[in-house]
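J.:
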Amino acid sequence: ADDEDMDPTQYYENRLKTLDVLKAGGANPYPHKFLASISVPGYIEKYKGLNEGEKLADVTECLAGRIMNKRTSSSKLLFYDLYGDGVKVQVMADARTSELEDTEFSSFHSGVKRGDIVGICGIPGKSNRGELSVFPRKFVVLSPCLHMMPRQKSEGSAVPTQWAPGMCRNIEKYVLRDQ
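Counting from 1, one number per residue, gives the positions in the sequence shown under the UniProt record's numbering.
Here is the structure:
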């Protein structure tokens, strides 16, 4: 079953079981330390001038933040929205540029969920569509989120309502119809 369709208590129990499996395998689900070289707002400010499709292969930056959205393009390409200090940067995880083997890549990224706090070291660049991105070489879950995150509403989902008495008026949309 998809995680988003699951009951929140069942989701919580599944996440606890996943942590128990990691601990039994000798892995620490809460790493001791991760050194971020730059904040997310600093990253955006520093690299916003890159051209579409440009990657700085000789530069490595380390960022930390919370995964708020996860999109799968294929089994070998995933997109994450990494939020830090109130701003977002896209993470474009590609199996071809990862340090992990294909099977390790898919099993690791299937365990990364919305709400997890992660550390990412990777190449700064812009996607072919022009969105500022990080192309990770190293991807570490620093703190798994045990509870289900509420779904974010897309900006286009607001249902426009007609004005009714008692509602505020938007002066910018006010049109005079005297003419």
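The beta carbon of each residue, even a glycine, is placed where N, CA and C say it ideally should be. Note that this is a predicted model, so its numbers are computed, not measured.
1. What is the residue span of the beta strand (DSSP E) that E61 lies within?
2. Within 10 Å of its beta-carbon, does M92 have 16 or more other beta-carbons around it, so buried, or fewer, so exposed?
3. In or out: D20 buried (at least 16 other Cβ within 10 Å) or exposed?
4. Does the count of Cβ pairs from the segment 81-99 and the segment 127-143 closer than 8 Å reach three?
5. Can you check which of these residues, I123, R15 and E45, is closest to C62 by C-alpha distance?
6. How many Å lie between D81 and G65 at the Cα?
7. Rounded to the nearest angstrom, what separates L50 and T9 at their Cα positions?
8. Per DSSP, what are the beta-bridge partners of M148 in this structure?
T.: Reading from the atomic positions:
1. For E61, the enclosing beta strand (DSSP E) begins and ends at E61 to S74.
2. buried
3. exposed
4. yes
5. I123
6. Distance between the alpha carbons of D81 and G65: 9 Å.
7. Approximately 44 Å between the Cα atoms of the pair.
8. M148 pairs with nothing; no bridge assigned.
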